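Offset between the sequence shown (1-based) and this note's numbering: plus 591. No residue lacks a Cβ here, since even glycine has one placed at the ideal position from N, Cα and C. Nothing here was measured: the structure is a model prediction, and the numbers come from that model. Structure, as structure tokens:
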Amino acid sequence: MNTITAIMGKDHQQCDQLFAASEAALDQSEDFGPLKDFIHHMKQHFSAEEDVLFPAFEELTGMRDRGPSAMMRLEHEQMRGLMSEMESCTDAEQASNLGETLMILMQQHNLKEENMLYPMLDQHFQLDQFKESLISLLGPWDAAT
592 MNTITAIMGK DHQQCDQLFA ASEAALDQSE DFGPLKDFIH HMKQHFSAEE
642 DVLFPAFEEL TGMRDRGPSA MMRLEHEQMR GLMSEMESCT DAEQASNLGE
692 TLMILMQQHN LKEENMLYPM LDQHFQLDQF KESLISLLGP WDAAT
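Rendered as structure tokens:
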């Protein structure tokens, strides 16, 4: 993996897997533990974007309060709100219902990042410029995958 698109797309897949595990745990045993794991990883993913990638994009383009990164930040806030509501739930069914809304938002959001924002970043930056910061937030990745 040698592009921002590849690394961040792979992390989207990991988020999706954690989400699916959390939904299964809520449905089968009303276990909120996997939901907490999912939310923790999503927060790390948002930090990788908002603290590392978006500032570089915004400095390059001058688009801080408008443009693709501003829209992604807004969507992150919407997802954070849903995740906070899910964490506050004491009923697994209520958390799952909120999760359905979150999943739709995540799918649409990820498509925009993977098809527009990440490729724009790849055009102007090398992954190595962000590697240490991304690894500290997302964990190591296998360069061969």
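Mind the definition here: the region 676-696 touches the region 644-661 only if three or more C-beta pairs lie below 8 angstroms; say whether that holds. The region 676-696 makes no contact with the region 644-661, as fewer than three CB pairs between them are under 8 angstroms.
Specify the secondary structure class of R664 as computed by DSSP and reduced to three states. The residue given as residue 664 occupies position 73 in the sequence shown. Three-state result, R664: helix.
For C606, report the span of its alpha helix (DSSP H) as first-last. In the sequence shown, residue 606 corresponds to position 15, counting from 1. First-last of the alpha helix (DSSP H) with C606: I595 to S620.
Which of the three DSSP states is assigned to T652 in this structure? Numbered from its first residue, the sequence shown carries residue 652 at position 61. Here T652 sits in helix by DSSP.
Determine the closest residue to S724 out of G600, L708, A612 and Q635, with distance taken between C-alpha atoms. For the purposes of this step, residue 724 is taken as residue 133 along the sequence shown, with counting starting at 1. Here the closest residue by C-alpha is Q635.
The alpha helix (DSSP H) with M694 in it runs from where to where? Numbered from its first residue, the sequence shown carries residue 694 at position 103. A683 to K703 is the span of the alpha helix (DSSP H), which, as asked, contains M694.
Span of the alpha helix (DSSP H) holding E723? In the sequence shown, the residue the question calls residue 723 occupies position 132. Note, E723: alpha helix (DSSP H), K722 to L729.
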